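Protein chains in written order, with our numbering: chain Z, 1 to 338; chain X, 1001 to 1338. All C-beta atoms in this analysis are idealised placements derived from N, C-alpha and C, irrespective of residue type, glycine included. Bear in mind the structure is a predicted one, so any value in this text is a computation, not a measurement. Below is one structure, written out as structure tokens; comments come after it.
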């Protein structure tokens, strides 16, 4: 698929979804829409991702495009009216539109009419399917080994780690797939259930359904985790994924230097061994499992020696192999979990 | 309010909501609708609850009624078409209709039209409010002490324990209120958020919102817990309530003799001390708390001496005072938590 990615005024630093797609999607990015950086290229701003020209607006994209992807999410998940022209232009050209906003574009009267008129689809990835139900506690019955990324907080790299581990496993000759549970993962993979938008009674069931669907087709499933089990707001999502996935092994993801919960700064992170105990002890009555490896995000540490030192300390606290999958590769983790 | 309670073919044994309302609601029950027991009275079948005549159908209720309450929930939460006449009759008489079914009666074309025509309301208590949002982690800031009932499984008596403790606290002269989180609690109290139907991202926030609303008006809030923290399907709900409530003290509810998870019999319950550790350890990074007392449901044990022996063993395992609030009263628990 050939895609354009909307990321106005937030690319690249605050465009996590756009970057995830550029890094991991099989789709070909023909343009990034960012009026602040128009005229430059992705490669001028970010390394290690797919390159593409950056333009001001959808009407500046001359090449054929199959879909426009909204690659940013403002706080609250609303639709920014300054994007309306771009979405309108895309639909008028017959492009599909893919969005992870809380505001559902398919329910917007103008967009719905344009999509019908031009015979194209609007896919709001955060709208969960209507046929979800409760877990039956059977995810562990699948043939595949299930590996779940869990975290010490939000935004510590669980999605990235899941993608990198699956990619590295495939490169090592294994049949591995990602089970996407959040908007960026869903956009990259082209399918998935947005667990944070599922009613809480069905959170575990929505994870189980995906594992059961894919579990006999692959040798390894990497389940994208969400939030943290001690997050004041989002722990319900984490807990539903933990019990729904019934993982064989866990990979604990952490952001080097993070000491308090992001956005909830009065809450301190417990120690790494406490996280290990909490995740293992909570999972075990449903499915015995262990934290078999750790992933540390050292992007905030410039000095490589200092980053390695942090990583070593993290592995010691964890009592398991650890790596920064982006900086130092996935091998130490893969050896521990495959 | 004067109410009729629909409980066809399930009263009293499989009519948990109807019984909860008869036991704890301030509303006056003028009739129970149960075609299997028509002609008898509630008091012939159940003790310790409000009495009322049992009739076959709504049209047999001669007295004025303010609301018809659907007091049973079939597996799956669907609407049984054999109840349509009763709901229709109620609406034609100008009665409100209150339902906790997953099938929303307000979305039923015939019922919606009748309600509009006769100027009465349909309240689907399982439809969550639309303005919910994420928790801010501030439930602990309220003046009231917050006491949360947690459980070893579903259907062990958390709602009953919450109601009994609040009632006993009030009788002892304290200003106590219940924070209802499930359909029966919501029907009894006349307000509340159905946490199991809230999107998982907002589960904790929906609990916090209720505590913040009531927390400065009372000395004690008894939060109705849901599910169990190790339930294969429902733990997300439990976890959201645990972190959203930020309780000062927990009361661990258990059903005497229960060894496996209800409906998930391949999963064994962990030991009581394991539950204590799990709930305390998981809550503590958000809010330090302790399991200060236990509630044991001994309804399945006929012999009183045997029931007392079970209770004693439960208290020993728990390392805290325990009681069966229905059989032996709430005092031992109240002494430990107020």
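Residue i burial status per 10 Å Cβ neighbour count (16 or more: buried)
i, result
"residue 84 (chain Z)", "exposed"
"residue 271 (chain Z)", "exposed"
"residue 1335 (chain X)", "exposed"
"residue 1130 (chain X)", "exposed"
"residue 27 (chain Z)", "buried"
"residue 153 (chain Z)", "buried"
"residue 1126 (chain X)", "buried"
"residue 1184 (chain X)", "buried"
"residue 261 (chain Z)", "buried"
"residue 1320 (chain X)", "buried"
"residue 124 (chain Z)", "buried"
C-beta atoms of residue i and residue j nearer than 9 angstroms
i, j, result
"residue 1291 (chain X)", "residue 1275 (chain X)", "yes"
"residue 240 (chain Z)", "residue 206 (chain Z)", "yes"
"residue 1324 (chain X)", "residue 1311 (chain X)", "yes"
"residue 147 (chain Z)", "residue 221 (chain Z)", "yes"
"residue 1008 (chain X)", "residue 1082 (chain X)", "yes"
"residue 1233 (chain X)", "residue 209 (chain Z)", "no"
"residue 96 (chain Z)", "residue 122 (chain Z)", "yes"
"residue 1145 (chain X)", "residue 1216 (chain X)", "no"
"residue 1002 (chain X)", "residue 1035 (chain X)", "no"
"residue 1149 (chain X)", "residue 1069 (chain X)", "no"
"residue 1100 (chain X)", "residue 1187 (chain X)", "yes"
"residue 223 (chain Z)", "residue 196 (chain Z)", "no"
"residue 315 (chain Z)", "residue 322 (chain Z)", "yes"
"residue 1019 (chain X)", "residue 1049 (chain X)", "yes"
"residue 1022 (chain X)", "residue 1052 (chain X)", "yes"
"residue 357 (chain Z)", "residue 151 (chain Z)", "Because residue 357 (chain Z) is not part of the residues shown, which for chain Z are 1 to 338, the question remains open."
"residue 1165 (chain X)", "residue 1337 (chain X)", "yes"
"residue 1281 (chain X)", "residue 281 (chain Z)", "yes"
For residue i, the first and last residue of its enclosing alpha helix (DSSP H)
i, result
"residue 1152 (chain X)", "No alpha helix (DSSP H) holds residue 1152 (chain X); DSSP gives it neither H nor E."
"residue 1003 (chain X)", "Not the alpha helix (DSSP H): residue 1003 (chain X) falls in the beta strand (DSSP E), residues 1002-1006."
"residue 1085 (chain X)", "1084-1092"
"residue 1242 (chain X)", "1235-1245"
"residue 1111 (chain X)", "1109-1117"
"residue 96 (chain Z)", "Where residue 96 (chain Z) is concerned, there is no enclosing alpha helix (DSSP H), although the beta strand (DSSP E) it sits in stretches over 96-99."
"residue 1021 (chain X)", "1016-1024"
"residue 313 (chain Z)", "304-318"
"residue 275 (chain Z)", "272-283"
"residue 1186 (chain X)", "1183-1189"
"residue 223 (chain Z)", "Counting along the chain, residue 223 (chain Z) falls outside any alpha helix (DSSP H), though it belongs to the beta strand (DSSP E) covering 220-223."
7 angstroms Cβ cut-off: residues of chain C touching residue i
i, result
"residue 1270 (chain X)", "No chain C is part of this structure, whose protein chains are labelled Z and X."
Span separating the alpha-carbon of residue i from that of residue j
i, j, result
"residue 64 (chain Z)", "residue 1087 (chain X)", "57 angstroms"
"residue 139 (chain Z)", "residue 1267 (chain X)", "13 angstroms"
"residue 1257 (chain X)", "residue 163 (chain Z)", "45 angstroms"
"residue 202 (chain Z)", "residue 306 (chain Z)", "43 angstroms"
"residue 300 (chain Z)", "residue 259 (chain Z)", "14 angstroms"
"residue 200 (chain Z)", "residue 169 (chain Z)", "32 angstroms"
"residue 73 (chain Z)", "residue 105 (chain Z)", "13 angstroms"
"residue 279 (chain Z)", "residue 1278 (chain X)", "10 angstroms"
"residue 178 (chain Z)", "residue 66 (chain Z)", "24 angstroms"
"residue 103 (chain Z)", "residue 1102 (chain X)", "24 angstroms"
"residue 1025 (chain X)", "residue 1326 (chain X)", "16 angstroms"
"residue 1181 (chain X)", "residue 1192 (chain X)", "6 angstroms"
"residue 293 (chain Z)", "residue 29 (chain Z)", "33 angstroms"
"residue 10 (chain Z)", "residue 1114 (chain X)", "51 angstroms"
"residue 1318 (chain X)", "residue 1333 (chain X)", "13 angstroms"
"residue 945 (chain X)", "residue 204 (chain Z)", "With chain X covering only 1001 through 1338, there is no way to say anything about residue 945 (chain X)."
"residue 1263 (chain X)", "residue 134 (chain Z)", "12 angstroms"
"residue 1284 (chain X)", "residue 231 (chain Z)", "11 angstroms"
"residue 273 (chain Z)", "residue 173 (chain Z)", "33 angstroms"
"residue 40 (chain Z)", "residue 89 (chain Z)", "22 angstroms"
Beta strand (DSSP E) segment containing residue i, residue limits
i, result
"residue 202 (chain Z)", "Careful: residue 202 (chain Z) lies outside any beta strand (DSSP E) and carries neither H nor E."
"residue 1122 (chain X)", "1122-1124"
"residue 1294 (chain X)", "1290-1297"
"residue 254 (chain Z)", "249-255"
"residue 1268 (chain X)", "1264-1268"
"residue 1068 (chain X)", "1067-1070"
Whole-angstrom C-beta distance between residue j and residue i, which should lie under 8 angstroms
i, j, result
"residue 1254 (chain X)", "residue 1161 (chain X)", "The Cβ separation is near 10 angstroms, so there is no contact."
"residue 46 (chain Z)", "residue 5 (chain Z)", "Their Cβ separation, rounded to whole angstroms, is 12 angstroms, which puts residue 46 (chain Z) and residue 5 (chain Z) out of contact at 8 angstroms."
"residue 229 (chain Z)", "residue 242 (chain Z)", "7 angstroms"
"residue 1116 (chain X)", "residue 1071 (chain X)", "Rounded, the Cβ-Cβ distance is 25 angstroms, inconsistent with contact."
"residue 1142 (chain X)", "residue 1098 (chain X)", "Going by Cβ atoms, the distance from residue 1142 (chain X) to residue 1098 (chain X) rounds to 28 angstroms, so no, they are not a contact pair."
"residue 1235 (chain X)", "residue 1225 (chain X)", "With 8 angstroms as the limit, residue 1235 (chain X) and residue 1225 (chain X) do not qualify as a contact, their Cβ atoms being about 12 angstroms apart."
Any non-hydrogen atom of the ligand ADP closer than 8 angstroms to residue i Cβ
i, result
"residue 162 (chain Z)", "This structure simply doesn't include the ligand ADP, nor any ligand for that matter."
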